[in-house]
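Novice: This is the structure I have questions about; it appears just below.
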Amino acid sequence: MARLERIVDIHAHTGEGPIWHPDERRLYWVDIPAGRLYGYDPAAGDYELVYETTGRPLGGTTVEADGALLLFTHGTVLRFDPTTAAVTTVAELETETRFNDVIADPEGRVFCGTMPGKNGLGELYRLDPDGTAAVVVENVDIANGMGFAPDGETFYFTESEAQRIYAFDYDRATGKLSNRRVLLETPPDDGIPDGMTVDKDGYIWSARWNGGRIIKYAPDGAAVDELDLPARKVSSVTLGGPSYDELYLTTALTDGDRATEGDGAGALFRVPDIDTGGVPEFRSRIASE
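Counting in our numbering, the sequence shown runs from 488 upward without gaps.
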């Protein structure tokens, strides 16, 4: 795998949710507990704090059809316009805990997972374009990375504490998930599967929390490559850049000590010119209230 670059050396508590915005040619990512949304401009080689919530964590992000961003907090979905900085509420879900990873599907729906609650488990919701939501997977032990196979017929979903990535049959017309099966199961002493992305050839790139690396899996679940990072908690990964040939990786510094978490813990990393390519993420189409 090509060289690794540390491009933003911040000390994010939980850097997460990287997503490439093709209209702006910019990468967005969050620091979840701080409620901060960052933007990185590779042409300028610089970043900025774009938005900060008020006392609320900020989980995943999607790009809307018109270029706005959807920000998933604790039960609330916000619409943020990067050009005007205007923020409006587009949906309220009765969730017990905050949102974690999210992903839009080809029809503009959003699959959004929640963290464990009082019963120790979370859920995976599907938020439809009309603003209504339904639970599609119950009793999830930390809902995490998601992706779609290139043919659009398979949906991948990570259940972190179960150490599993599942594959579902996916119905584009209805958004229904069915036929859940275990695609791969990671060793219990080798870190926890976290965020993920799928490249144009169907390979799955999975971040390994407490495992200090990302692992590339073939569509059948076989590991084919990996890359070590100078951070123990590698939280998520996405493909971006104008040609979608750059790999962006987020990391976490949860205990505030790089001596134990790694010299690059909390920073944003990039692998330029990888030997595969990505495709633009699907755009959400959630109606405003």
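Even glycine gets a Cβ: it sits at the ideal position worked out from N, Cα and C.
#1: From THR563 to VAL537, what distance separates their C-alpha atoms?
#2: Check each candidate in LEU726, ALA649, HIS508 and name the one with the smallest Cα separation from PRO569.
#3: If you count every other CB in all the chains shown that lies within 10 Å of the CB of THR548, and 16 or more means buried, which is it?
#4: Between the region 717–735 and the region 491–504, do at least 3 Cβ pairs fall closer than 8 Å?
#5: Under the DSSP definition of a beta bridge, which residues are partnered with PHE635?
#6: Determine the direct distance from the alpha carbon of PRO675 to that of HIS498, and round the result to whole angstroms.
#7: Report the rounded CA-to-CA distance for ILE761 versus ILE652, giving the unit in angstroms.
#8: Beta-carbon separation of LEU565 and THR576 under 8 Å?
#9: Quick check on GLU776: buried or exposed, where buried means 16 or more other Cβ atoms within 10 Å of its Cβ?
#10: Using three-state DSSP, classify ARG745 as helix, strand or coil.
#11: Quick one, which of GLY678, ASN697, VAL758, THR725 has its alpha-carbon nearest LEU514's?
#12: Let's test the definition: count the other Cβ atoms within 10 Å of the Cβ of SER665 and tell me whether it reaches 16, buried, or not, exposed.
#13: Would a C-beta distance cut-off of 8 Å place TYR643 and VAL685 closer than the cut-off?
#14: Around the C-beta of GLY604, are 16 or more other C-beta atoms found within 10 angstroms, so that it is buried, or is it exposed?
#15: With a threshold of 7 Å, establish whether the CB of ALA499 neighbours any heavy atom of the ligand GDP.
#16: For ASP638, which option in ARG745, ARG659, GLU581, LEU491 has the closest C-alpha, if you only look at C-alpha atoms?
#17: Measure the CB-CB distance between PRO680 and ARG695 and report whether it falls below 8 Å.
#18: Closest to ASP750 by C-alpha separation, out of GLY728, ASP715, ASP588, would be which residue?
Specialist: The relevant details are as follows:
#1: Against the sequence shown, residue 563 aligns to sequence position 76. Against the sequence shown, residue 537 aligns to sequence position 50. Rounded to the nearest whole angstrom, the C-alpha separation of THR563 and VAL537 is 19 Å.
#2: What you label residue 569 is simply residue 82 of the sequence shown in a count that begins at 1. Closest by C-alpha distance to PRO569, out of LEU726, ALA649, HIS508, is HIS508.
#3: Indexing the sequence shown from 1 puts residue 548 at position 61. With 16 or more other Cβ atoms inside 10 Å of its own Cβ, THR548 counts as buried.
#4: The way I'd put it, the region 717–735 does touch the region 491–504; three or more beta-carbon pairs between them come closer than 8 Å.
#5: For this step, residue 635 is matched to residue 148 along the sequence shown. Listed as beta-bridge partners of PHE635 by DSSP are PHE642.
#6: Counting from one through the sequence shown, the residue named residue 498 turns up at place 11. Counting from one through the sequence shown, the residue named residue 675 turns up at place 188. The alpha-carbon of HIS498 is positioned some 27 Å away from that of PRO675.
#7: Here residue 761 refers to the residue found at position 274 of the sequence shown. Here residue 652 refers to the residue found at position 165 of the sequence shown. Taking the straight line joining both Cα atoms gives about 24 Å.
#8: Working through the sequence shown from its first residue, we reach residue 565 at position 78. Working through the sequence shown from its first residue, we reach residue 576 at position 89. Their beta carbons are under 8 Å apart, which means LEU565 touches THR576 by this criterion.
#9: Taking the sequence shown and counting its residues from 1, one reaches residue 776 at position 289. For GLU776, the predicted structure reports a pLDDT of 48, less than 50, and the residue's modelled location is therefore unreliable. A value from the coordinates is still provided. Burial call: exposed.
#10: Locating residue 745 in the sequence shown gives position 258, counting from the first residue. When DSSP states are grouped into helix, strand and coil, ARG745 belongs to the helix group.
#11: Residue 514 sits at position 27 when you count from the first residue of the sequence shown. Nearest of GLY678, ASN697, VAL758, THR725 to LEU514, Cα basis: THR725.
#12: Walking along the sequence shown from the start, residue 665 turns up at place 178. The residue is exposed, with fewer than 16 neighbouring Cβ atoms inside 10 Å.
#13: Reading the sequence shown from its first residue, position 156 is the one you call residue 643. Reading the sequence shown from its first residue, position 198 is the one you call residue 685. A contact, by the Cβ cut-off of 8 Å.
#14: Within the sequence shown, the letter at position 117 stands for residue 604. Here GLY604 is exposed. Its C-beta has fewer than 16 other C-beta atoms within 10 Å.
#15: You won't find the ligand GDP in this model; it holds no ligand whatsoever.
#16: In the sequence shown, the residue the question calls residue 638 occupies position 151. The candidate whose alpha carbon is nearest that of ASP638 is ARG659.
#17: The residue labelled residue 680 in the question sits at position 193 within the sequence shown. The residue labelled residue 695 in the question sits at position 208 within the sequence shown. Going by C-beta atoms, PRO680 is nearer than 8 Å to ARG695.
#18: Stepping through the sequence shown from its first residue, residue 750 is reached at position 263. Ranking the options by Cα distance to ASP750, first place goes to ASP715.
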